[in-house]
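Using our numbering, the first residue of the sequence shown is number -7, and each one after it goes up by one.
Report on one structure; see the data block that follows.
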Amino acid sequence: IGPHFLPQRLTGRIYGQLLENELSKLLANMPLHIRAQLIYQHDGDPTHFCHKVREVLNAQFPDRWM
């Protein structure tokens, strides 16, 4: 899937918008049966765990993100 360039300073708001608006575009060509099995994993950056990001991940990857 790639590449997707991020802003130099990534905030929780920007990361949440990326997940909400861009991730589905990046995954669009992936077969549905594969997308349904994806587990979204990111590192421990605090930006990745803000409230907005967790809301988006829970909506798009229920019980499939870490």
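Built from N, CA and C at the ideal position, the CB exists for glycine as well.
Quantities reported herein were computed from a predicted structural model and do not represent experimental measurements.
If you count every other CB in all the chains shown that lies within 10 Å of the CB of Leu30, and 16 or more means buried, which is it? Around the C-beta of Leu30, fewer than 16 other C-beta atoms lie within 10 Å, and the residue is accordingly described as exposed.
Tell me which residues share the same chain as His(-4) and place their Cβ nearer than 8 Å to its Cβ, disregarding the 5 neighbours each side in the sequence. Answer for His(-4): Leu10, Glu14, Leu18, listed in chain order.
Straight-line CA distance for Leu(-2) to Ile6? Cα to Cα, Leu(-2) sits roughly 9 Å from Ile6.
Straight-line Cα distance separating His43 from Asn50: One C-alpha to the other measures close to 11 Å.
Pick from Trp57, Arg56, Gln52: whose alpha carbon is nearest that of Ser16? Residue Gln52 is the option with its Cα nearest to Ser16.
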